[in-house]
Every structure is written in structure tokens, then in C-alpha cells.
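Taking it in order: structure first as C-alpha cells, then the write-up.
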Amino acid sequence: MTGVPASAAGGSGAKPVRGGKLGTAAVNQASLWNIANLLTMLRLVLVPGFVLLLLHNGGYDPAWRSFAWAAFAIAMITDLFDGHLARTYNLVTDFGKIADPIADKAIMGAALICLSYLGDLPWWVTGVILFRELGITLMRFWVIRHAVIPASRGGKMKTLAQGTAAGMYVLALTGPLATLRFWVMAVAVVLTVVTGLDYVRQAVVLRRKGLAAERAAAEAAGSRDSAEAER
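Residues in the sequence shown are numbered consecutively from 1, following my numbering.
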């Protein structure tokens, strides 16, 4: 859910290079209708289905919540596969780059909001996680002209913790497992805040470096223009 989205699309005849970097040619040749983008589309379609399953029959039916958990699990798994396919086979489209993070945040946001609506999860937990995700997305756009904030190991751990905790809350767990899910969610919240602050630090540093580089380039260009004018 965090990092540079790698959702992508299948090629149109170009031979994929395993582990290779995504070049302009690969991006231009990628087709919209391919397995990676189809997985992303499936995840988007699963969001309303997940919500209907979770809230069916008042939202407290263990059987329907199990169905909702299955939809949520499929959505989280497809997130891993579409990114892996994109990175492995150099299958990238503009649609994938936009739809992948939207799908990630949509399924997680839907789960958290529904769980808080049902009273299973405090609203402040949902607020902290959603505020962080939205804030980091806006932060990426803030610095995208200067640099791309890379996905960190902490960010990946955060995503795993959030997905695991939300999935455990979707299930109608009782006893020790209900206690365990509380602590898993606590870990997810801590990772959410810590990694969010780290991303803010990276964004500020990258923006400062980018602005300094732009000023240096402008000054160098000005010096060249002055030297040419004096000749």
C-alpha cells in the first residue's frame, strides 16, 4: 500500500527482461489488458463486494464475515501478485500506476471504516491509518518533481501488519485470538505512525535537495549567459 506503485500491464510483443529496469519502450509497449492490470481491476471490484458481505445481516453474522474475510484476503494477495508480475516482466501502464495505489487504499479503507461503523474498531485507529495513507500519497505528489520516495522495509512491514490485523478483525474471533488481534493492530498503528514520520523526513530532505539542485543549475546557466554576453 505504500511505495512506488508497480502495477502494470502485459507487453505487446516485446520480450520481457526478468528483473530489468522499466524503460520508456517497455512503458509505451505495455498493453492495458494483461494479467497484472486485471488483478488490479479485480481488487477494485472486490471492494464493494467485500463491503456488502461484511455488512450483510447487520454485520455480525460469522458466516458472512467469513465470506468477507475471503474477499479481503483475495484482494490483499492480488496486491502482491500484480506488483510482482510488473517488476518481473516490465509490464507498466499509466492505468496501473494510478489504479494500483487506489485499489490498495480502497480495500483497506473500506475494511477499517466498516469495522469502526460496526463498533469493532475504534474510530481513532481508522483515522490515524487513513490520515497517514492520504498524507503520504499527497507527500509523494509534493516531491515527485524532484525525486521518488522509495518503498522502505518498514513500509512493507506496515502494510503486512495492517492487512493481517484488519483481516483478523473482519473474522468473528473470540477468546485469545480476539486478544491477539488487538496487539497485532497495535503493532500496525505504531508502524503506521513511525513509517509515516520517516516518509515525511525523506520528503523534506528530497525536496530541499531538489530545490538546491535547481538553484545551482539556474545559477550555472546564468553564469554561462553572462560569459557569452561579455565575449
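Built from N, CA and C at the ideal position, the CB exists for glycine as well.
All of these numbers come straight from a predicted model, not from anything done at the bench.
Cα atoms of Met185 and Ala165: separation of roughly 5 Å, rounded to the nearest angstrom. With a minimum length of 4 residues, the unbroken runs of alpha helix (DSSP H) contained wholly in the stretch 93-177 fall at 94-117, 123-143 and 153-170. Distance between Ala63 and Ile74, taken at the CA atoms: about 17 Å. With respect to the 8 Å criterion, Phe81 and Phe50 are not classified as neighbours on the basis of their beta carbons. Taking a 10 Å sphere around the C-beta of Ile107, we find 16 or more other C-beta atoms and assign the residue as buried. Boundaries of the alpha helix (DSSP H) around Leu52: Ile35 to Leu55. Around the beta carbon of Pro101, a 10 Å sphere encloses 16 or more other beta carbons of the protein chains shown; the residue is thus reported as buried. Rounded to the nearest angstrom, the Cβ distance from Leu121 to Tyr169 is 6 Å, consistent with a contact under 8 Å.
Taking the Cα positions, Leu46 is about 49 Å away from Ala218. Listed in chain order, the non-local C-beta contacts of Ala68 below 6 Å within the same chain comprise Phe50, Leu53, Leu54 and Val170, local neighbours out to five positions each way being set aside. Non-local beta-carbon contacts of Leu39 in its own chain, meaning distances under 7 Å to residues more than five positions away in sequence, involve Thr78, Phe81 and Asp82 in chain order.
When the Cα atoms are used, Arg181 and Gly210 turn out to be separated by approximately 42 Å. Around the beta-carbon of Arg43, 16 or more other beta-carbon atoms lie within 10 Å, marking it buried. Each residue's CA atom was taken as its position, placing Ala110 and Tyr117 some 10 Å apart. Residue environment: Asn90 is assigned as buried (16 or more neighbouring CB atoms within 10 Å of its CB, all protein chains considered).
In this structure, DSSP gives Leu211 a helical state, which the three-state scheme calls helix. Residue Val187 holds the alpha-carbon nearest to the alpha-carbon of Thr159 among Val187, Thr88 and Thr174. Taking 8 Å as the cut-off, the beta carbon of Val125 is found closer than this to the beta carbon of Val189. Collapsing the DSSP output to three states places Tyr89 in a helix. Assigned with DSSP and collapsed to three states, Leu191 falls in helix.
For Leu197, the secondary structure class from DSSP, reduced to helix, strand or coil, is helix.
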